[in-house]
Amino acid sequence: MFNEGMAGSARITAQALANGAAEAFDGVRTVVDVGGGLGTVAREISRAFPWITCTVFDLPYVVKGCLETDGVNFLAGDMFAFVPRADAVLLMRILHDWGDEKALDVLRRCKEAIDQEKGKLIIVEIVVNEDELKDDEMHHARLASDILMMAYGGKERTEKEWRNLLLQAGFTRCNITRIMALQHVIEARP
Numbered sequence: 001m002f003n004e005g006m007a008g009s010a011r012i013t014a015q016a017l018a019n020g021a022a023e024a025f026d027g028v029r030t031v032v033d034v035g036g037g038l039g040t041v042a043r044e045i046s047r048a049f050p051w052i053t054c055t056v057f058d059l060p061y062v063v064k065g066c067l068e069t070d071g072v073n074f075l076a077g078d079m080f081a082f083v084p085r086a087d088a089v090l091l092m093r094i095l096h097d098w099g100d101e102k103a104l105d106v107l108r109r110c111k112e113a114i115d116q117e118k119g120k121l122i123i124v125e126i127v128v129n130e131d132e133l134k135d136d137e138m139h140h141a142r143l144a145s146d147i148l149m150m151a152y153g154g155k156e157r158t159e160k161e162w163r164n165l166l167l168q169a170g171f172t173r174c175n176i177t178r179i180m181a182l183q184h185v186i187e188a189r190p
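Going left to right, the sequence shown walks through residues 1 to 190 as my numbering numbers them.
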């Protein structure tokens, strides 16, 4: 039931990603969707960008029994151990579940998985805007999300925190785009 609930929410965010940050997929032919669950986001990406082949990479019990379709396949594994190679690695709503040290471990695995010249990391996460914290109409939604993440050792991050974390993991170029969702798209390159 958890995976199905996440899939419904992911579908909406994936459509916002495809519509609001399509340029993130320019030049990309393969994507690894780390923690991609049942493949909802990968299917939306494959539908929006039919030239892209997506691999959903998640824990064995999650991907067991998932049906592969044209452009979407599944691979079981542990993102803390390794991430499969691809033109781009996608982390959608994954890193907010983890504190900085664990997030750095995942980011370093992602950096190892992409080409150091042309590869990219695409992160879809909330970026807390410190200037808008009190006045923004999404303020309460972000606070609720942050409280949930803190209960499990995770956190929502500001733009400064994201840039610092990515730099520590070896990503020197970073672009952040706001989309029609709670989350932003963070493109990072080595």
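Even glycine gets a Cβ: it sits at the ideal position worked out from N, Cα and C.
- Within the region 50 to 104, the beta strand (DSSP E) runs of at least 3 residues that lie entirely inside it are, in chain order, 53 to 58, 72 to 76 and 88 to 92.
- In the structure shown, Val128 adopts extended strand secondary structure according to DSSP, grouped into three states.
- For Cys174, the beta-bridge partners assigned by DSSP are Ala188.
- When the five nearest sequence neighbours on each side are left out, the beta carbons in the same chain lying within less than 6 angstroms of the beta carbon of Arg43 are those of Val72, in order along the chain.
- Residues Leu104, Leu107, Arg108 and Lys111 of the same chain have their beta carbon placed closer than 7 angstroms to that of Ala169, with the five preceding and five following residues left out of the count.
- With fewer than 16 other Cβ atoms from the protein chains shown falling within 10 Å of its own Cβ, Ala81 counts as exposed.
- Restricting attention to Asp78, Leu38, Pro60 and Thr177, the CA atom closest to the CA of Ile122 is found in Thr177.
- In this structure, Ala10 is the residue among Val89, Ala10, Phe49 and Ala18 with its C-alpha nearest to the C-alpha of Gly39.
- For the pair Val83 and Val28, the CB atoms are not nearer than the 9 angstroms cut-off.
- Distance check between Arg157 and each of Phe171, Arg85, Gln183 and Arg173 places Gln183 closest, using alpha-carbon atoms only.
- Between Ala113 and Arg93 a beta carbon distance of about 19 angstroms is seen, past the 8 angstroms cut, so the two are scored as non-contacting.
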